[in-house]
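Number of protein chains: 2
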Amino acid sequence: MKKYLITGYAGFVGRHFVEYLDKNETDAVIKGLDIQKPDFSRDSYNNIHMDFEKIDLLDRDRVENIIFSFQPDYILHLASYSSVAFSWKEPIFSFQNNMNIYLNLLESIRKLNLPVRILSIGSSEGYGNVNEDLLPLTEAHIQKPVSPYAVARVSQEMISKVYVNGYGLDIVMTRSFHHIGPFQKDIFVIPSFARQLVEMKTNGNTSGELITGDTSFVRDFTDVRDVVGAYDLLLKKGKTGEIYNVCSGRGTSLSNVISNMTKILDLHIHTRVNEKLLRPSDNRIVIGSNEKIKRDIGWHNHISLEQSLADIIDYWRQNGSKCGDNQNGHA
Amino acid sequence: MKKYLITGYAGFVGRHFVEYLDKNETDAVIKGLDIQKPDFSRDSYNNIHMDFEKIDLLDRDRVENIIFSFQPDYILHLASYSSVAFSWKEPIFSFQNNMNIYLNLLESIRKLNLPVRILSIGSSEGYGNVNEDLLPLTEAHIQKPVSPYAVARVSQEMISKVYVNGYGLDIVMTRSFHHIGPFQKDIFVIPSFARQLVEMKTNGNTSGELITGDTSFVRDFTDVRDVVGAYDLLLKKGKTGEIYNVCSGRGTSLSNVISNMTKILDLHIHTRVNEKLLRPSDNRIVIGSNEKIKRDIGWHNHISLEQSLADIIDYWRQNGSKCGDNQNGHA
């Protein structure tokens, strides 16, 4: 029996991680922490034992008490305000709810001196604006964060290394690229497109207009169900103090994603750019290398982009009125 | 008339900066902020107008109000818990009182939309453990912080760049190497040695034992009076968004510093290493390049190490019973 503490439990990735454990572990015990209640319940699962506690991770005393009582084997630290756009609006709040909550968590574990393995989720946003000649990005690429969110993520990684090398904590780090899938909230770009396209179709239209930002942007999309598999494998087999890109190794433009979805829905769409959705300091092309995670722990992504998009469309067909989740994805 | 807002005003560097302005400016207006009251008073100065306000910089509302009322031309952000050793003991407190206080300051200025120039003081500690072949360190050297304090300093620099490039703030950054001089508190290594050696001499001894850490460590020491000159020049002539090493470009071992001081005092000393004072993750040799600051703004350091040490000895001769200052220096 292994005990997992999951922060950011109520989010998009947390939900998929729980589903993954339920399918792949016979006796995992999970304690979920989040500032908001999850909208999925323990009744859906067969093999795992789940418990949830509502907490603001800035409350360090409570964090420490919870960790002490639960005595986890693994901590999957998903909690994050991961919207880049939000971080530009509220940089202090974003920083505190990325970096400071994480530092609280590490400090609790240091003080309790527990032999727990921590997986620190970071972001490809830390790489910043990269020279296209250097793609795909390996972990050796120097990080130059260009948004408040990205600064917090790089800070998180730097403090992780200090806690590994200076205090002897057992931390593995990721730089996770964009992940997509069912249940992702539509404040993020792919689910937002999916919801709008499904709405057009449901309303009986065969054609329509989609308002977008710059759809020539190329991103490295991985299905969240592959991502959570990587996280569980990293908790079990990742090397202490090491950083792993979690990505597909393949770039896809947003326009390509849109045309894939319109094909599935049999819609004819023209896109119109809203200047307000253009973000000047965004990278144009981001593609990661997943050689290290493949080599070191034998992870592979299995779900094709086409399959992901089909499942996302299905999800919005069934859940068009819900508004999804704003944490733990990447806009 | 130029208005200077100085955070960390009561510290070692703040005091010297005020003296510098008093000597070099006829009509500077200064507002000092610090969490503790300065132990120097406005009566000592002839040319400048000074005012002090006691404040915890984590109190963002008060920070914003003060900045709005004062409408500074320049902000010299000296405030920092700059002890590396302390940051290992209290990483959260250290991080908050380096990074979070700075983010509060930047966010206040962004919200007020003031045309103020900010000098963000950073640290050579950000460079981490460096390959000796790469000395002296230029600003192009990649930072790999190895202590909680250093992580906070690198985070401060990263967020500065985001506020320059993303929000258009006018920020110049330093990576300041070790600075020494009168009034530095004896929790730092050079004033600690000076105080102990002066005590031996005052007690009538001609020889004695000094307990040290590893005295083979080489550091780049600059007199604080040269450092504050650099800071004023950077406020006036530094390029927005640029980072400048502030250093002498010369390395000196701690054992060399000790023998210099014993020569001045005519003492015969043997040193004994206290294992507890050895810090395993410390750099052995740190020397910076000051080519950029010389080239870009015409700064030069004028005060020799021998002169600095003589002045420090003099200071401790006159102030042996006082215990100095624990901020804004580098241990």
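Protein chains in written order, with this note's numbering: chain A, -10 to 320; chain B, -10 to 320.
No residue lacks a Cβ here, since even glycine has one placed at the ideal position from N, Cα and C.
Taking C-beta pairs closer than 8 angstroms, name the residues in chain B that Leu92 (chain A) reaches, listed in chain order. Pro80, Ile81 and Phe84
Does DSSP classify Thr251 (chain B) as helix, strand or coil? Residue state, collapsed to three classes: helix.
Any C-beta of chain B under 8 angstroms from that of Ile131 (chain A): yes
Do Ser348 (chain B) and Thr204 (chain B) have their C-beta atoms closer together than 8 angstroms? Coverage of chain B is limited to positions -10 through 320, which leaves residue 348 (chain B) absent and any answer about it impossible.
Between the Cα of Thr195 (chain B) and those of B:Asn120, B:Val207, B:Leu223 and B:Thr251, spot the shortest distance and give me the residue it belongs to. B:Thr251
Unbroken beta strand (DSSP E) run spanning Phe41 (chain A), endpoints: His38 to Lys43
In the DSSP output, which residue or residues are listed as bridge partners for Thr191 (chain A)? In the DSSP output, where bridge partners are listed per residue, Thr191 (chain A) has none listed.
Indicate whether at least one CB of chain A lies closer than 8 angstroms to the CB of Gly313 (chain B). Any reading at Gly313 (chain B) needs caution, since the residue's pLDDT is 42, under 50, leaving its predicted position unreliable; the model's value is listed next. It does not; no Cβ of chain A falls within 8 angstroms.
Got a sec: is the Cβ-Cβ distance from Thr111 (chain B) to anything in chain A below 8 angstroms? For the sequence presented, residue 111 (chain B) should be read as Gly rather than Thr. No, because no Cβ of chain A sits closer than 8 angstroms to the Cβ of Gly111 (chain B).
Whole-angstrom distance between Thr211 (chain B) and Ser237 (chain B), CA atom to CA atom: 5 angstroms
Under 9 angstroms (Cβ pairs) to chain A, residues found in the stretch 135 to 167 of chain B: Val135, Ser136, Pro137, Ala139, Val140, Ala141, Val143, Ser144, Met147, Ile148, Lys150, Val151, Tyr152, Asn154, Gly155 and Tyr156
At a Cβ threshold of 8 angstroms, is Glu188 (chain A) touching chain B? Output row for Glu188 (chain A): interface = no.
Contact with chain C by Glu96 (chain A), beta-carbon distance below 8 angstroms: No chain C is present in this structure, whose protein chains are A and B.
Pick from A:Asn272, A:Asn249 and A:Arg49: whose alpha carbon is nearest that of Leu93 (chain A)? Going by the sequence as given, residue 93 (chain A) is Asn instead of Leu. Checked all of A:Asn272, A:Asn249 and A:Arg49; the closest Cα to Asn93 (chain A) is A:Arg49.
N-terminal and C-terminal residue of the alpha helix (DSSP H) that Asp23 (chain A) is part of: Looking at the DSSP string, Asp23 (chain A) is not in any alpha helix (DSSP H); the run it does join, the beta strand (DSSP E), is Val18 to Asp23.
Assign Asn87 (chain B) to one of two classes, buried (16 or more other C-beta atoms within 10 Å of its C-beta) or exposed (fewer than that). buried
Do Ile24 (chain A) and His66 (chain A) have their beta-carbon atoms positioned less than 8 angstroms apart in this structure? no
Cβ distance (whole Å) where Ile19 (chain A) is taken to contact Met39 (chain A) below 8 angstroms: 5 angstroms
Boundaries (first-last residue) of the beta strand (DSSP E) holding Ala(-7) (chain A): The amino acid at residue -7 (chain A) is misidentified as Ala; the sequence shows Tyr. Note, Tyr(-7) (chain A): beta strand (DSSP E), Lys(-8) to Thr(-4).
C-beta atoms of Asn154 (chain A) and Val135 (chain B) nearer than 8 angstroms: yes
Within the same chain, show all residues whose beta-carbon is closer than 8 angstroms to that of Glu295 (chain A), passing over the 5 residues directly before and after it, in chain order. The beta carbon of Glu295 (chain A) sits closer than 8 angstroms to the beta carbons of Asn249 from its chain, once the five residues preceding and following it are set aside; these are given in chain order.
Which complete alpha helix (DSSP H) runs does the stretch 106 to 192 of chain A hold, if anything under 4 residues is left out? 137 to 154 and 178 to 191
In terms of alpha-carbon separation, which member of A:Lys(-8), A:Pro27 and A:Phe166 lies closest to His5 (chain A)? Comparing alpha carbon positions, the residue from A:Lys(-8), A:Pro27 and A:Phe166 closest to His5 (chain A) is A:Pro27.
Could you compute how far the alpha carbon of Leu(-6) (chain B) sits from the alpha carbon of Ser58 (chain B)? 11 angstroms
For a test of your reading of the model: does the CB of Phe172 (chain B) fall under 7 angstroms from any non-hydrogen atom of the ligand MN? Yes or no. The ligand MN is not part of this structure, which contains no ligands at all.
According to DSSP, is Asp212 (chain A) helix, strand or coil? strand
Measure from the C-beta of Trp77 (chain B) to each C-beta in chain A and report whether the shortest distance is under 8 angstroms. Yes - at least one Cβ of chain A is within 8 angstroms of the one on Trp77 (chain B).
Please work out which residues of its chain come closer than 6 angstroms, Cβ to Cβ, to Thr163 (chain A), disregarding the five sequence neighbours upstream and downstream, and give them in chain order. Cβ-Cβ distances below 6 angstroms link Thr163 (chain A) to Ile110, Gly111, Tyr233 and Val235 in the same chain, with the five nearest sequence neighbours on each side left out; the list follows chain order.
Go ahead and pull the three-state DSSP assignment for Gly218 (chain A). For Gly218 (chain A), the secondary structure class from DSSP, reduced to helix, strand or coil, is helix.
Assuming Tyr9 (chain A) contacts Gly309 (chain A) (C-beta within less than 8 angstroms), just tell me the rounded distance between them. Rounded, the Cβ-Cβ distance is 26 angstroms, inconsistent with contact.
On the criterion of 16 or more Cβ atoms from any shown chain inside 10 Å, does Leu298 (chain A) qualify as buried, or is it exposed? buried
Range of the contiguous alpha helix (DSSP H) that encloses Leu92 (chain A): Ile90 to Leu101
Suppose the cutoff is 8 angstroms on Cβ atoms and the five residues either side in sequence are ignored; what does the same chain contact list for Lys100 (chain A) look like? Glu53
Can you give the Cα-Cα distance for Ser72 (chain A) and Gly170 (chain B), rounded to whole angstroms? Note on geometry: alpha-carbon atoms of Ser72 (chain A) and Gly170 (chain B) lie some 46 angstroms from one another.
Terminal residues of the alpha helix (DSSP H) in which Leu67 (chain B) lies: Where Leu67 (chain B) is concerned, there is no enclosing alpha helix (DSSP H), given that its DSSP letter is neither H nor E.
Just verifying my parser: in three-state terms, what is the DSSP assignment at Gly273 (chain A)? The sequence shown places Arg at residue 273 (chain A), rather than the Gly named in the question. Coil at Arg273 (chain A), not helix or strand.
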